[in-house]
Structure formats: C-alpha cells, structure tokens
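Those protein sequence lines, which keep their order, are chains Y and H. First residue of the first sequence? That's 1 in the numbering used here, and the numbers climb one at a time after it. First residue of the second sequence? That's 1001 in the numbering used here, and the numbers climb one at a time after it. We put the beta carbon where it would ideally sit given N, CA and C, even for glycine.
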Amino acid sequence: MLNLTSEERKVLIFLMGVALVGVGTSFAVKVFAPVKSIARLDDDFGKTDLNSADIDLLKSVPGIGEKLAQRIVDLRYERAGFSDLEQIKEIKGITSGKFNKMKNYLVVR
Amino acid sequence: MGYPLVWITAFFCAGIVFARCFAINFWLVLALAAIVLFLGAILIERKGTFPIILLAISALTGMLIFRNSQALPKCHISNFVYFKSNGFCAVFGTIDSQPEIKGDSATFVFNAKELHLRDSGYLCSGKILVHAKGAKDLYCIEKLILKGYLYPVPEPQQFRRDYLKEQGIYCIMRVDSGNMALAREADRGFSFTRFILSLKSKMLEIINKYMPPIPASVLEAMVLGEKKNIPRIIYDSMVKTGTVHILVVSGFNVGIVIFIVTLFLKLLRLPRRARFIVAIPCSIIYCLLTGASTPVVRATVMGIFFLAAYFIKREPDIYNSLSLAALFILSISPNQLFNIGFQLSFASVISIVYLYPKLKKAFRLDALKNRFLNFLAEGSAVSLSAWVGTSGFIAYYFRIISPVTILANLFIVPLATFITLCGICLIFAGLISPPLAPYFASTSELAVTLLVRLNLFLSSLPCAYYRLS
C-alpha cells in the first residue's frame, strides 16, 4: 500500500518520534509552566502631567478640547502650578462626571 | 508508484477531525502514540504490519497536534481578562501586523509580552487586537507599551469572536491618545518582516499611482491578495458566477513568479541549478508578501517540492507534493482543516488533478485538431473539474449554486491570467523602469474593466445561479 523502502521507514519513524516529543513538550510547557510575576510598571506611565503639558498635549486627553485646554493652562499660570489633580474641578466645564472620566489620563507631578 | 504521503495526510486529517469532535485526554493519547511508535520501531521490517502502525501514529499525531493547538498557556493574556470592567492595565509587547490607519486611529494585532494589572506585573503571551487613537506613525514589529482597557471579545459578537479566535486573538484593547509609548527607539532598524511589508507597500503604491481606484482594487487582490478595497458589487457578482477565486492569490501566481524569475535568470545564462536555487527564496518572499494565505502556502510548498525534486534527481509527484503541502499547513495550524480557504484550495486542485485527465480521455479531447476548439474544450474540462470539486463547499458555505461557473471560468480565467501577468509586469516596471509602467497600467485597466463587465453580464444571465434557502 505505501511502498516504502527500509530507509524511508526509518526516516518516518524518526520524524514521527521527533514530532511526538515536540508536541508533548510544547503541551507540557503550556500546562505546567507557572505564571511569572515581574516588577510592576509605574502607575503614572502614559499620563499627562498637568504642570508641564502644553495645549496640544492636553487636547490629546479624552474629554479635553481646545477651550478646556486653554482654561487649564490659564488656571495653571494663575495658581503657579497645580498641587492636586482635584483642583481642575474648579474650571468651568469640568463636572464631577467628566473629571472621573479624565482622571485616569492625568497626573500632577 | 504508491502515495505514502497521501495516506499519511489522510489519517493525520482524520485524527484532527476526531480530536475536534471528541474530547480526548492528551497524555493518554500521547502514551498510546509512544507505544505504537515503539511497536513500529520493532516491526519496522514487516511489510504487512508497518503501514498500519504508521497510519495509526499519523492519526494519533493529528489528534495531539490539534489538542495542543487548542491549549493556551497559563500565562496567556486571556487568562488575566475576565470581564469588561477589568480596569486599566499596561501591556508591553510588539506590533504583530501592519497597522491599519483610519483617520486618527489605528488598528493592529499586538503580541503581548508583559502585563501590568492592578497591583501586579506578569510575563505573558498571546495576541491582542488593539484599537489605538492618535496613533499614526506606527510600524510592524515595533516594541510598544500600551495602557488602556483590556477585555474579551463581547459575547454577542459570536461570528467575530470565532474569526478572531481562529487568528489566535482572544482579547481587545482600546488605547486612547497619550497612552502609548515606544519601548525602544532603536527597534525601528532593519528587519526581514519590515522589509517584506515595505516592499508590499511600495507595490501597492505603484498600482495605485498608475491606475484608477476600482481597477486598482481588483488588481491589488489578484496580484498581492489585498482584497479590502474591492467594491461590494464586484465581489458579489464574482460570488454569483463562482469566479471569486480569481480575487485570491493562488498557486497560479506563485507559478508565474517562479516562471518570470527563472526566465530572467535564463536570459542571464545562469545554469538551471542556480536558477532553481534563486527561484525558491523568491517564491517564499512572494508567499510572505501576499500574507501567506493557505492557497499561496500550498502552492509555494508544492513549487519548492517540485524544484527540490530536481536536486535529488527524483520524479516529482503531484499527489505527494499536495499532501506534503497539506501536512505542512496542518502541522502549523490544524484548525485550517475547517477553514473554507483551505478546503476550497485543496478541493479544487485535487479535483482538477484527478478529474481533468479522466475527462480528457473520456471525451477524446486530444483528437481535436483545431487549436481553438481544443483550447475551449480543455478549458471547459478544467473548469468543470474545479466546479465539481468545489461546488459542494460553495453551496454549504455561501448557500449558492452557480451553473454559470463553467461558462464563466472559460472566459474569466484566461482574462485573469492576462491581468495577473500585466499586473506583475506593471509592478516590475514601476520598480525598475517607471516610464514603462503607464503602458502596462493602461492594458491592465482595460482588461480589468472587461473582466468586471463580463462578470456582471454573466451573473445577469437567466439561471446563472440559484440561492439556497
């Protein structure tokens, strides 16, 4: 049926053996390899700093448009910088709901 | 001559189907396979018993490979994501596909390496589909750190969920502008993947530069496998006439590339061995350029098999090379066996290889002396063979039966061949000698327009196709 020579049979048995060991090892690694914990990334990674961001950078934050960005910069000059994130709630147009949406993207350094 | 690879592949496929239908215990099957393998090694010289043992191992290997492909490692990204309100997280990894930019947002597949979630960080693996806002200047294989919401594909989107799962994607991540950073600037250096992608971009640019959008979209699909710009009406009319296969890069394209490369090298008076050595990497590059879809991988493996047969001085066999191509694809991704592209590609080739010589003999096509009549008759025989092989799958998946396919293929396939040749010449001209490109572009445009109009006409014929309920 298969018409294999002796050499071909040996090669096939060898290849099948290698395939079985390979698939067994791959499965074992998937099933038994533990999850490795690593050092945690800085929480503030990727957040926009309210004390240094220019208007364009502020506009890249979801919920902040041209006018709101300008008001944030104006308040920053007025206060000589922010000391707390909550201070931007004083700005007209930033409601509690809006603040909650954007606070994940902002930081005061 | 026997077909050992055909039998091995058939049993391997049977193993995959069995493992999909029934829950199997991996370790039990592995132990059984080891015992059978041991028996095979002992009884290697027994001509009656050995083939049975070999086929049994093939089936068991199929089961094991399928089961292994379904298992996700503990550190897989999907094991960390349970529900939509998973919270904000950061992921470090590599862009795994060419980002698709639309407006100010980009979509790409991301290969995750590290996950930072709530109070902990983990080493992880797996792919994520990322929708990023404000991302324009991104490249494949770039290392990034993303921050955003990670969640599984929503339950109601079952079709999308299955499709993404087939691609190995279990999670989606939305990243807003400002929450993405390059992990290492130096990673924008040379890489083979980026070379392939930039070459493809350059080729698409050439097609779009010299041709109007609609003909360009058809040519992009036929030459580079880029189907996303084809207007729906053209695609639908090709489904109706059963000629949609011409919009897929197939073995024919690989054959043309190998032919052009070997012909060019022949003109340079290179010996045959050297021509074949150069043709093999060229066909692999073309395969990668077109996205390594199943028909192209099949054709590339078969092409390499045929070229390699010359080096080892063996007569290449179409059935064995086809089986080798199937084994190669299924060993890497056993789920492909249930993919329509895989099924149509192999069914059409098997059907043509098996039926065409029989039809040719039965209708005594060799006896036709008139060359035009001979061409028409042989074309019809190939078209009929392919239709017989694929119509069952098309009826099942697309709920359509198209008797017009046989007639359509008779005209469409030679025209598609001409368009593919013109398209490849256009790209070569655009790369090597741009002043020549407009000539090839005009010819291609004319041929594509003719193809589209002919196809629309054929689809409007009475009894051209029947929709199944």
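Test: F1088(H) CB closer than 8 Å to a CB of chain Y
Counting from 1 along the second sequence, the entry for residue 1088(H) is found at position 88. Output row for F1088(H): interface = yes.
Please report the straight-line C-alpha distance between A1326(H) and T1009(H), rounded to a whole angstrom.
Here residue 1326(H) is taken as the residue at index 326 of the second sequence, counted from 1. Here residue 1009(H) is taken as the residue at index 9 of the second sequence, counted from 1. Roughly 7 Å separates the two Cα atoms.
Determine the DSSP secondary structure at S1069(H), reduced to helix, strand or coil.
Within the second sequence, numbered from 1, the residue matching residue 1069(H) stands at position 69. In the structure shown, S1069(H) sits in a helix (DSSP, three-state: H, G or I).
Quick one: complete alpha helix (DSSP H) runs, 4+ long, within the stretch 1250–1307 of chain H?
1251–1267 and 1272–1289
Counting C-beta neighbours from all protein chains within 10 Å, is the total for A80(Y) 16 or more, i.e. buried, or is it exposed?
By 1-based counting over the first sequence, the position of residue 80(Y) is 80. It counts as exposed.
Verify the contact flag: N1374(H), CB atom, against every heavy atom of the ligand ATP, threshold strictly below 7 Å.
Absence of the ligand ATP is noted for the structure shown, with no ligands found whatsoever.
Quick check on the DSSP output: the beta strand (DSSP E) that includes C1021(H) runs from which residue to which?
The residue labelled residue 1021(H) in the question sits at position 21 within the second sequence. From DSSP, C1021(H) is part of no beta strand (DSSP E) but of the alpha helix (DSSP H) over P1004 to C1021.
Flag T1061(H) as yes if its beta-carbon sits less than 8 Å from any beta-carbon of chain Y, otherwise no.
Position 61 of the second sequence, counting from 1, holds the residue named residue 1061(H). By this cut-off, T1061(H) is an interface position.
Can we say the stretch 1112–1128 of chain H touches the stretch 1069–1082 of chain H, given the rule of at least three CB pairs closer than 8 Å?
yes
Starting from E1220(H), trace the alpha helix (DSSP H) both ways and give me its first and last residue.
Walking along the second sequence from the start, residue 1220(H) turns up at place 220. Its alpha helix (DSSP H) spans residues P1213 to L1224.
Along chain H, which residues have their Cβ under 8 Å away from the Cβ of Y77(Y)?
Here residue 77(Y) corresponds to residue number 77 of the first sequence, with the count starting at 1. Within 8 Å Cβ-Cβ: nothing; Y77(Y) doesn't reach chain H, min ~22 Å.
For V61(Y) versus L106(Y), is the C-beta distance shorter than 8 Å?
For this step, residue 61(Y) is matched to residue 61 along the first sequence. For this step, residue 106(Y) is matched to residue 106 along the first sequence. Yes. Within cutoff.
Cβ neighbour criterion (16 or more within 10 Å) applied to I1053(H):
On the second sequence, position 53 is the one that residue 1053(H) refers to. With 16 or more other Cβ atoms within 10 Å, it is buried.
Taking C-beta to C-beta, are V1091(H) and M1173(H) nearer than 8 Å?
For this step, residue 1091(H) is matched to residue 91 along the second sequence. For this step, residue 1173(H) is matched to residue 173 along the second sequence. For V1091(H) and M1173(H), yes; Cβs fall inside 8 Å.
So if DSSP puts A1395(H) in a beta bridge, which residue, or which two residues, is it bridged to?
For the purposes of this step, residue 1395(H) is taken as residue 395 along the second sequence, with counting starting at 1. BP columns for A1395(H) are empty, so no partner.
Option nearest L1421(H) by Cα separation, candidates F1305(H), E1220(H) and G1242(H)
Indexing the second sequence from 1 puts residue 1421(H) at position 421. Out of F1305(H), E1220(H) and G1242(H), E1220(H) has the C-alpha closest to the C-alpha of L1421(H).
In chain H, what lies closer than 8 Å to I72(Y) by C-beta?
Counting from one through the first sequence, the residue named residue 72(Y) turns up at place 72. Near I72(Y) there are no residues of chain H at all, since even the closest Cβ is about 14 Å away, more than 8 Å.
Which residues of the stretch 56–71 of chain Y have a Cβ closer than 8 Å to any Cβ of chain H? Give them in chain order.
L57, S60, V61 and P62
Assess contact between the stretch 1401–1408 of chain H and the stretch 1226–1242 of chain H, defined as three or more Cβ pairs (one per stretch) separated by less than 8 Å. Is contact present?
yes
Taking DSSP as the reference, what is the three-state secondary structure of T95(Y)?
Here the question's residue 95(Y) lines up with position 95 in the first sequence. T95(Y): coil per DSSP, three-state reduction.
Could you tell me if R1336(H) is buried or exposed, where buried requires 16 or more neighbouring beta carbons within 10 angstroms of its beta carbon?
Within the second sequence, the letter at position 336 stands for residue 1336(H). Checking the displayed sequence, the identity of residue 1336(H) turns out to be Gln instead of Arg. Buried.
Using only the alpha-carbon positions, how far apart do S52(Y) and C1089(H) sit?
Locating residue 52(Y) in the first sequence gives position 52, where the first residue counts as 1. Locating residue 1089(H) in the second sequence gives position 89, where the first residue counts as 1. Near 24 Å, if we compare the C-alpha coordinates of C1089(H) and S52(Y).
Would you please verify whether the beta carbon of K103(Y) is less than 8 Å from any beta carbon of chain H?
Numbered from 1 along the first sequence, position 103 holds the residue referred to as residue 103(Y). With 8 Å as the cut-off, K103(Y) does not count as an interface residue toward chain H.
Residues of chain H with CB under 9 Å from V31(Y), in chain order?
Position 31 of the first sequence, counted from the start, is the residue given in the question as residue 31(Y). Correct list: F1026, A1071, P1073 and K1074.
Interface positions of the stretch 1308–1325 of chain H facing chain Y (Cβ-Cβ less than 7 Å), listed along the chain
none
Using DSSP with H/G/I as helix, E/B as strand and the rest coil, what is E141(Y)?
Summary: the structure shown does not reach residue 141(Y), with chain Y confined to residues 1 through 109, and so no result is reported for it.
Contact the stretch 1289–1298 of chain H vs the stretch 1340–1351 of chain H: 3+ CB pairs below 8 Å:
yes
Using the beta-carbon count (16 or more within 10 Å), is S1391(H) buried or exposed?
Numbered from 1 along the second sequence, position 391 holds the residue referred to as residue 1391(H). S1391(H) comes out buried.
Helix, strand or coil: how does DSSP classify E66(Y) here?
Start at 1 with the first residue of the first sequence, and residue 66(Y) comes out as number 66. Looking at E66(Y) - three-state DSSP - the assignment turns out to be helix.
If you check the beta carbons only, do I1206(H) and A1437(H) fall under 8 Å apart?
Reading the second sequence from its first residue, position 206 is the one you call residue 1206(H). Reading the second sequence from its first residue, position 437 is the one you call residue 1437(H). It is a contact, given that the beta carbons lie within the stated cut-off.
By how many angstroms is the C-alpha of S1069(H) removed from the C-alpha of S1333(H)?
For the purposes of this step, residue 1333(H) is taken as the residue at position 333 of the second sequence. For the purposes of this step, residue 1069(H) is taken as the residue at position 69 of the second sequence. One C-alpha to the other measures close to 7 Å.
For the candidate residues Y1003(H), F1050(H) and F1011(H), whose alpha-carbon lies nearest to that of S6(Y)?
Counted from its first residue, the first sequence places residue 6(Y) at position 6. When only C-alpha atoms are compared, the closest one is F1050(H).
For chain Y, find out if any of its Cβ atoms is closer than 8 Å to the Cβ of D1137(H); answer yes or no.
For the purposes of this step, residue 1137(H) is taken as the residue at position 137 of the second sequence. False, the Cβ-Cβ gap to chain Y never drops below 8 Å.
What is the residue span of the beta strand (DSSP E) that S1433(H) lies within?
Walking along the second sequence from the start, residue 1433(H) turns up at place 433. Looking at the DSSP string, S1433(H) is not in any beta strand (DSSP E), and its letter there is neither H nor E.
On the three-state DSSP scale, how would you describe R1174(H)?
Numbered from 1 along the second sequence, position 174 holds the residue referred to as residue 1174(H). Of the three classes helix, strand and coil, the one that applies to R1174(H) here is strand, per DSSP.
Count the other CB atoms, across all protein chains shown, that sit within 10 Å of the CB of D1176(H); report buried if there are 16 or more and exposed otherwise.
Taking the second sequence and counting its residues from 1, the one referred to as residue 1176(H) is at position 176. Buried: at least 16 other Cβ atoms inside 10 Å.
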